[in-house]
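Enquirer: At position 415 of the sequence shown the residue is numbered 420 (my numbering), and the sequence of numbers has no breaks.
We put the CB at the ideal spot given by N, CA and C, even for glycine.
One structure, as structure tokens, below. Some questions next.
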Amino acid sequence: MQPENCPKPGCEADPTSREHGTEPPTTTVAAATPDGQPSGLPIRLALSGGGIRAAAFHAGVLKRLAEEGLLERVTHVSTVSGGSLLVSALVSFNEHAWPGSAAYLERTYPALRNLLTTVDLFTVRAIGWRGLFRFNRRILTHRASVLADLLAERWGVTGRVRDLPEKPAWLINTTSLHSGKCWRFSAREMGDWVFGRHYAPDIRLADAAAASAAVPYVLGALWVDLPKEGWFQTDPATRKPLKRTQPDVDRIGLWDGGVYENLGLEAIYKPGIAPDPAAFVICSDASGPVPAYGSASPLAIFRGRLAGPRLFDIASDQIRALRSRMFMRDVDAKVVTGALFKMGVSIRDVDIKEGRSRDEREYDAFLNDAEVRAALGHPTDLKAMTPAAFERIARHGFEVADTVLTTHSAALFPRTLQWRP
């Protein structure tokens with residue numbers, strides 16, 4: 006049941022804006038500049054969950070944006086699970102800042118490629134014999150906290166959430182066991198509208214990213230010790246603080262953000278409402294298909310596999326489908342200017358939907374349909390992938406982004422770019 010003052014489904018006001026009026030703001034969309042460069046419309050990014058597969062896909066999407074000098078226009082980044090893991094590594098490689106386009110292409114992308122193809126994050130090999138003694142019973146009871154420590158040690162994810170840059174605003178999505186709502190971390194805020202919000206989050210970045218990827222029962226919840234003071238109840242419609250509050254617990258359990266919503270869209274987009282100020286909203290969806298019945302085992306985590314309970318997989322897939330349909334309905338109705346990059350969609354799939362024909366030889370410049378399906382079928386895991394798998398998945402992200410932007414938003418993105426390793 007929604008509170009009476011909730012204006013829209015999803016309830017919370019956009020965390021990127023201070024206040025909403027009663028009518029959606031008017032979105033002014035500028036076309037590309039005369040030299041063919043995209044317009045200066047700010048970009049909001051939502052990077053989905055999906056383990057290391059999602060991290061590689063999103064790395065390719067960011068490469069496409071960087072090759073057109075667009076990373077500087079990103080004002081908001083909302084991440085879930087694999088998306089949170091990627092951005093935590095990305096900012097750690099870049100001295101806790103969002104990289105510019107040139108820096109991403111020259112340094113950050115190669116560093117991410119090396120990391121994702123050489124370093125297991127959570128496997129028996131990553132933990133090692135010393136880890137078994139060091140982590141002890143945490144391996145059985147608090148695996149999400151082990152993941153946080155491995156993020157810091159093996160991936161070099163250091164620093165604290167409060168030290169993140171204010172631009173772009175990075176919103177790390179988790180799910181609160183206490184309230185059942187989306188608990189977010191950002192540089193100046195943590196909490197949710199039911200539990201309350203704290204405006205000076207003193208938590209390790211590795212802990213926030215691990216909480217965002219804490220698949221239920223596989224890794225379990227990450228438990229966070231909470232400060233006793235500094236909490237406020239906020240207005241769900243405007244997010245403004247209303248009064249001080251005192252939490253009834255001093256620790257809270259946080260699950261994977263995908264339990265609530267695996268796309269990360271809610272933080273940057275509200276159904277039926279245009280962003281204010283105007284922005285181009287991009288959702289990069291690297292979610293995998295629901296696994297075959299009987300194929301999942303909780304013990305698979307020690308091989309790096311994030312095989313969650315089937316109920317979780319089914320519910321998450323349905324929520325993702327509903328969210329993406331709402332988003333695309335608003336894009337098609339021109340309520341929102343944006344794009345959905347969906348993993349598993351080949352260039353031929355886009356052409357068929359658009360009624361566009363190409364000479365068959367033109368498809369040789371892209372991943373073929375079988376390679377696209379192989380990219381989608383890569384396991385949702387936390388182990389290093391082969392260089393060939395990374396190349397395939399990152400290239401898929403790049404090509405989907407390029408094709409969708411130049412097909413559906415050609416006035417804003419007129420230039421087609423080819424993948425270059």
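#1: Whole alpha helix (DSSP H) runs in the segment 360 to 406 with 4 or more residues, listed along the chain?
#2: Would the beta-carbon of Leu270 fall within 8 Å of that of Phe332?
#3: Which residues bound the alpha helix (DSSP H) around Leu270?
#4: Roughly how many whole angstroms lie between the Cα atoms of Met65 and Gly201?
#5: Going by other Cβ atoms of all chains shown within 10 Å of its Cβ, with 16 needed for buried, is Lys275 buried or exposed?
#6: Starting from the Cα of Trp160, find the closest Cα among Arg167, Leu126, Phe140 and give me that residue.
#7: By a C-beta neighbour count over all protein chains shown, 10 Å radius and 16 as the cutoff for buried, is Thr408 buried or exposed?
#8: Residues in the same chain with beta-carbon distance under 7 Å from Ala108, minus the five sequence neighbours each way, listed in chain order, please.
#9: Looking at C-beta atoms only, is the number of pairs between the segment 363 to 370 and the segment 384 to 394 that lie closer than 8 Å three or more?
#10: Quick check on Phe237: does DSSP put it in helix, strand or coil?
#11: Under a three-way DSSP split, which group does Trp134 fall into?
#12: My understanding is that Ala59 touches Ala291, with C-beta atoms under 8 Å, so please give their C-beta distance in whole angstroms.
#13: Terminal residues of the continuous beta strand (DSSP E) containing Arg256?
#14: Are the beta-carbon atoms of Asp261 and Thr128 separated by less than 8 Å?
#15: Output the distance between the C-alpha atoms of Pro294 and Thr385, rounded to the nearest integer angstrom.
#16: Using DSSP bridges, identify the partner residues of His81.
#17: Enumerate in chain order the residues of its own chain whose CB-to-CB distance from Leu372 is below 8 Å, with the five nearest sequence positions on each side excluded.
#18: What does a CB cutoff of less than 8 Å around Glu28 pick up in its chain, not counting 5 residues either side in sequence?
Expert: Let me spell this out:
#1: 374 to 381
#2: Here residue 270 is taken as the residue at index 265 of the sequence shown, counted from 1. Here residue 332 is taken as the residue at index 327 of the sequence shown, counted from 1. Contact: yes.
#3: As a working note, residue 270 is residue 265 in the sequence shown. First-last for Leu270: undefined, no H or E at that position.
#4: As a position in the sequence shown, residue 65 is number 60, starting the count at 1. As a position in the sequence shown, residue 201 is number 196, starting the count at 1. The sequence shown places Gly at residue 65, not Met. About 36 Å.
#5: As a first step, residue 275 is located in the sequence shown; it is residue number 270 there, counting from the start. Result: buried.
#6: The residue labelled residue 160 in the question sits at position 155 within the sequence shown. Comparing Cα positions, the closest option is Leu126.
#7: Walking along the sequence shown from the start, residue 408 turns up at place 403. Classification of Thr408: buried, given that the 10 Å Cβ count is 16 or more.
#8: Numbered from 1 along the sequence shown, position 103 holds the residue referred to as residue 108. If we look at Ala108 and ignore the five residues flanking it on each side, its Cβ neighbours are Asn99.
#9: no
#10: Residue 237 sits at position 232 when you count from the first residue of the sequence shown. DSSP places Phe237 in strand when its eight states are reduced to three.
#11: If you number the sequence shown from 1, residue 134 lands on position 129. Reduced to three states, the DSSP call for Trp134 is helix.
#12: Translated into the one-based positions of the sequence shown, residue 59 becomes position 54. Translated into the one-based positions of the sequence shown, residue 291 becomes position 286. Going by Cβ atoms, the distance from Ala59 to Ala291 rounds to 4 Å, so yes, they are a contact pair.
#13: Position 251 of the sequence shown holds residue 256. First-last of the beta strand (DSSP E) with Arg256: 256 to 261.
#14: If you number the sequence shown from 1, residue 261 lands on position 256. If you number the sequence shown from 1, residue 128 lands on position 123. Going by C-beta atoms, Asp261 is not nearer than 8 Å to Thr128.
#15: Here residue 294 is taken as the residue at index 289 of the sequence shown, counted from 1. Here residue 385 is taken as the residue at index 380 of the sequence shown, counted from 1. Going by the C-alpha atoms only, they are around 10 Å apart.
#16: Position 76 of the sequence shown, counting from 1, holds the residue named residue 81. Arg49, Ala174, per the DSSP bridge assignment.
#17: Here residue 372 is taken as the residue at index 367 of the sequence shown, counted from 1. Excluding residues within five positions, the ones whose Cβ falls inside 8 Å are Ser351, Ile352, Ala380, Arg397, Arg400, His401, Glu404.
#18: As a first step, residue 28 is located in the sequence shown; it is residue number 23 there, counting from the start. Unreliable positioning characterises Glu28 in this predicted model, as indicated by a pLDDT of 38, which lies under 50. The coordinate reading is nonetheless provided below. So the list is empty, once near-sequence residues are dropped.
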